[in-house]
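Shown next, in structure tokens, is the structure this report addresses.
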Amino acid sequence: DKLQAVREGLPAFREREAFLSLVRRHEVVVVSGATGCGKSTQFPQFLVEDADRRGERVKVVVTEPRRIAAIGLAQRVAKEYSNNNNNNNGDGDFDDDDDEK
Numbered sequence: 018d019k020l021q022a023v024r025e026g027l028p029a030f031r032e033r034e035a036f037l038s039l040v041r042r043h044e045v046v047v048v049s050g051a052t053g054c055g056k057s058t059q060f061p062q063f064l065v066e067d068a069d070r071r072g073e074r075v076k077v078v079v080t081e082p083r084r085i086a087a088i089g090l091a092q093r094v095a096k097e098y099s100n101n102n103n104n105n106n107g108d109g110d111f112d113d114d115d116d117e118k
């Protein structure tokens, strides 16, 4: 589908296995890349998809400098993740909940 094709076209998508390998070997992994490369949308999904395959749950935190950016990011990742995992409710396991309101 179109969303998957866009996802596969992102530079981050080509780095999936290398990223997951680094995460398995290191306690902290810092990702940097150009705007639009997929670092904020794809890497969180890679972690959740990998955990799903292993039958595990995982919590992923992505920081953004502005609340509106964080909300938009959470909504986009939820849409992509739901689309890729046949989850029709549109929210996946992602949310923009802020416990300190």
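For the sequence shown, my numbering begins at 18 and goes up steadily by one.
For glycine and all other residues, C-beta sits at the position ideal for the given N, C-alpha and C.
Burial state of residue i (16 or more Cβ within 10 Å)
i       : result
Glu-34  : exposed
Lys-56  : buried
Val-46  : exposed
Glu-81  : exposed
Gln-121 : Outside the shown range of the chain (18 to 118) lies residue 121, about which nothing can therefore be said.
Gln-21  : exposed
Glu-25  : exposed
Glu-32  : buried
Arg-94  : First, the residue type needs correcting, since residue 94 is Val and not Arg in the sequence shown. Answer is buried; the Cβ neighbour count reaches 16.
Lys-19  : exposed
N- and C-terminal bounds of the alpha helix (DSSP H) containing residue i
i      : result
Glu-66 : 59–70
Pro-82 : Segment: none, Pro-82 is in no alpha helix (DSSP H) and carries neither H nor E.
Ala-35 : 33–42
Lys-19 : 19–26
Supposed contact pair residue j and residue i - C-beta distance, whole angstroms, cut 8 Å
i      : j      : result
Thr-58 : Glu-97 : 6 Å
Leu-64 : Val-75 : 6 Å
Ala-87 : Cys-54 : Not confirmed; about 18 Å, so no contact.
Leu-37 : Asp-67 : 5 Å
Val-78 : Phe-60 : In fact, because the Cβ distance is near 12 Å, the residues do not count as touching under 8 Å.
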